[in-house]
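**Q** Numbering (the working numbering), first residue to last: 1 to 649.
This is the structure:
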């Protein structure tokens, strides 16, 4: 990990969000097994996508909306202070705004505005209406405004709704005349007026070229400014209240706020972030941050950022720093980042890090202190996370495609990674160095497993132009191929050793699960029943049963001795079952597809459903890691024995 750039690297897109709780990541992630009393989110590793950033009024903290929640960041140290977690509300990333005194933070998304106490993380109020996404506080802190986001069902006149913060009462609604949704909303510093810009619906109707200024108390219009040839995409008010800045295809324009007349056009579009003294404007586009003098349009500083679009900025109150968040949509990367920049040097000061793309694999270290995660096509890295600290301690680079499988050596000293680039690599987990590359297959590698005695690494792949899938066994010390297990008629997607190491289970696209005797290499059982490729296999802790997950939307539980089916657990026929895991300390099976479901392994009864993707249960049984949106990882506390009960016992 490059400490000098120390950046957030995360993907972008839509997420299911709603407000729930605030958490101190470091404190909760340090929870030991005996501290986990019930189902709870312990924290996040990585933060998924991110949106508009904002300094608090005194400059001590930065708020960053992410797919893990709203991250509160110490602006001096770069430490994460708190995450205001959000779940279960379908929406895009929220717009955020600090109250003028810095005591509260508001976020608008999906028609709901939540207001939190920024110190405690407590949700103090929630108001709703329309399709609210944008938010803004009145300068006196008594009211909060929400501007309509995309309605999702075609053109609809956008409205501004204003609520009394103390009572939650809706005190004003302004019909803006913008035909689809608001792209900009700004309260004048004296609290008397509101400025807005809007967007049209796709290719329907004329471009919305206007900036509109409203009397807040009456809802009547004050100015109607033709701000652009095509689309006016945003508006902000200078902190001294004398000017407006609007952005569009024609560039950034500065207006006399009182007269409604154009003063000048300054540079490119997107220069909408005013310094607190109203003398400078900052914006980001085409892989750079530009700072211009508001009075002349002269460029004062240019900072390269590697971002190509989607750059959000805010100034520190003293004007010495800028925080940025943005996305790089190049041919090779879909990469979102956040940094705090020193404007004197143009160098980044602080940041966070995480995967840049969806996760394909997760694996806990044997002692449960570390979690390894493998990124997808755009990311291509393996990250090793410290569970207690909630940070990346090693980033393993070398794969040129998605990391499809991970497995730790029994002593936790080494990690094996398999990739769609056809390679299998063995790493020194402590040093982060590659020790050896076992093989380069002609096709993708889908599976890897380490034997319980540490002597053997098993890999499964598509062997090339022929459909047969083989399991290869490698000496973990020398890296030499020791044997090949045959029998599958298609690629091998999943591997798992029995707890005592005497058997190896494999799942294949030929719809079969095979059980091999590891001492002789003999095929002991062929488990037939799935009607589509098998992508996951897992052994029960006692080694008597095997669970398998398939594209047919089911999990099958098998008797490993007789090969008979014990249970068929229905997940969802529309989704592939990517992961299956047994609780190490209770008779519970977990499987992930569109969500994660838990069953009683003895009765087959469905116990619980939680959001998430790929999953991994720690060996101690009280931590469950699940892949969240675009590279973030959610850690759950699962109490021993009763880990999946819904009755509280």
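By construction, the Cβ of each residue, glycine as well, lies at the ideal position given by its N, Cα and C atoms.
Quick check: the Cα distance between residue 297 and residue 241, rounded to an integer number of angstroms?
**A** 19 Å
**Q** Counting only the same chain and skipping the five closest in sequence on each side, list residues whose C-beta sits under 7 Å from that of residue 222.
**A** Non-local beta-carbon contacts of residue 222 in its own chain, meaning distances under 7 Å to residues more than five positions away in sequence, involve 193, 213, 214 and 215 in chain order.
**Q** State buried or exposed for residue 448, treating a residue as buried only when at least 16 other CB atoms are found within 10 Å of its CB.
**A** buried
**Q** Name the one or two DSSP bridge partners that residue 51 has.
**A** DSSP lists no partner for residue 51.
**Q** Run the proximity test for residue 386: is its beta-carbon closer than 8 Å to any non-hydrogen atom belonging to the ligand PLP?
**A** The ligand PLP is not part of this structure, which contains no ligands at all.
**Q** Taking one C-beta from the segment 499-519 and one from the segment 530-543 each time, how about it: are there three or more such pairs within less than 8 Å?
**A** Output reads yes: the segment 530-543 touches the segment 499-519.
**Q** Would the beta-carbon of residue 471 fall within 9 Å of that of residue 460?
**A** Yes. Within cutoff.
**Q** Would a C-beta distance cut-off of 9 Å place residue 599 and residue 589 closer than the cut-off?
**A** yes
**Q** Rounded to whole angstroms, what's the CA-CA distance from residue 546 to residue 560? Just pull it up for me.
**A** 6 Å
**Q** According to DSSP, is residue 147 part of a helix, a strand, or is it coil?
**A** strand
**Q** Would you tell me roughly how many angstroms separate the C-alpha atoms of residue 224 and residue 162, rounded to the nearest one?
**A** One Cα belongs to residue 224, the other to residue 162, and the distance between them is close to 21 Å.
**Q** Just to confirm, are residue 226 and residue 243 a CB contact at a threshold of 9 Å?
**A** no
**Q** Can you round the beta-carbon distance between residue 117 and residue 127 to whole angstroms, since I take them to be within the 8 Å contact cut?
**A** So it is not a contact: roughly 16 Å between Cβ atoms.
**Q** Exposed or buried, what is residue 347 when buried is set at 16 or more other beta-carbons lying within 10 Å of its beta-carbon?
**A** Under this definition residue 347 is an exposed residue.
**Q** Reducing DSSP to helix, strand and coil, say where residue 479 ends up.
**A** Correct three-state label for residue 479: coil.
**Q** What does DSSP give as the partner residues of residue 503 in its beta bridges?
**A** 517
**Q** Between which residues of its own chain and residue 491 is the CB-CB distance below 6 Å, once the five residues before and five after are set aside?
**A** 462, 469 and 509
**Q** Anyone know if the C-beta pair for residue 624 and residue 615 falls short of 9 Å?
**A** yes
**Q** Alpha carbon to alpha carbon, how far is residue 238 from residue 101? Give it in angstroms, no decimals.
**A** 19 Å
**Q** Between the segment 315-325 and the segment 375-394, are three or more C-beta pairs nearer than 8 Å?
**A** Between the segment 315-325 and the segment 375-394 there are fewer than three C-beta pairs closer than 8 Å, too few to call the two in contact.
**Q** Do residue 104 and residue 317 have their C-beta atoms closer together than 9 Å?
**A** no
**Q** Output yes or no for whether 9 Å exceeds the beta carbon distance between residue 266 and residue 294.
**A** yes
**Q** Taking only three categories from DSSP, how would you classify residue 121?
**A** It is coil, neither helix nor strand.
**Q** Label residue 65 either buried or exposed according to how many other C-beta atoms from any shown protein chain fall within 10 Å of its C-beta, with 16 as the threshold for buried.
**A** buried
**Q** Hey, would you say residue 497 sits closer than 9 Å to residue 450, going by beta carbons?
**A** yes
**Q** Please work out which residues of its chain come closer than 8 Å, Cβ to Cβ, to residue 433, disregarding the five sequence neighbours upstream and downstream, and give them in chain order.
**A** 427
**Q** Below 8 Å on the Cβ atoms is my guess for residue 513 versus residue 527; work out the distance and round it to an integer in Å.
**A** 4 Å
**Q** In whole angstroms, what is the alpha-carbon distance linking residue 431 and residue 200?
**A** 53 Å
**Q** Closest Cβ-Cβ distance between residue 281 and chain C: below 9 Å?
**A** The structure shown contains no chain C, having only a single protein chain.
**Q** Assign residue 635 to buried or exposed, taking buried as 16 or more other Cβ atoms, counted over all protein chains shown, within 10 Å of its Cβ.
**A** buried
**Q** Assuming residue 343 and residue 394 make a contact with CB atoms under 8 Å, what is their CB distance in whole Å?
**A** Rounded, the Cβ-Cβ distance is 32 Å, inconsistent with contact.
**Q** Output needed for residue 701: all residues of its chain with C-beta closer than 6 Å, excluding positions within five of it in sequence on either side, in chain order.
**A** The structure shown does not extend to residue 701, since the chain spans only 1 to 649, so no value can be given for it.
**Q** How long is the line joining the alpha carbons of residue 247 and residue 173, rounded to whole angstroms?
**A** 25 Å
**Q** On the DSSP bridge assignment, give the partners of residue 650 in chain order.
**A** There is simply no residue 650 to check, as the chain begins at 1 and stops at 649 in what is shown.
**Q** Find the nearest neighbour of residue 73 within the set 122, 349, 437 and 424, judged by alpha-carbon distance.
**A** 349
**Q** Out of 82, 97, 270 and 129, state which residue places its alpha-carbon closest to the alpha-carbon of residue 115.
**A** 97
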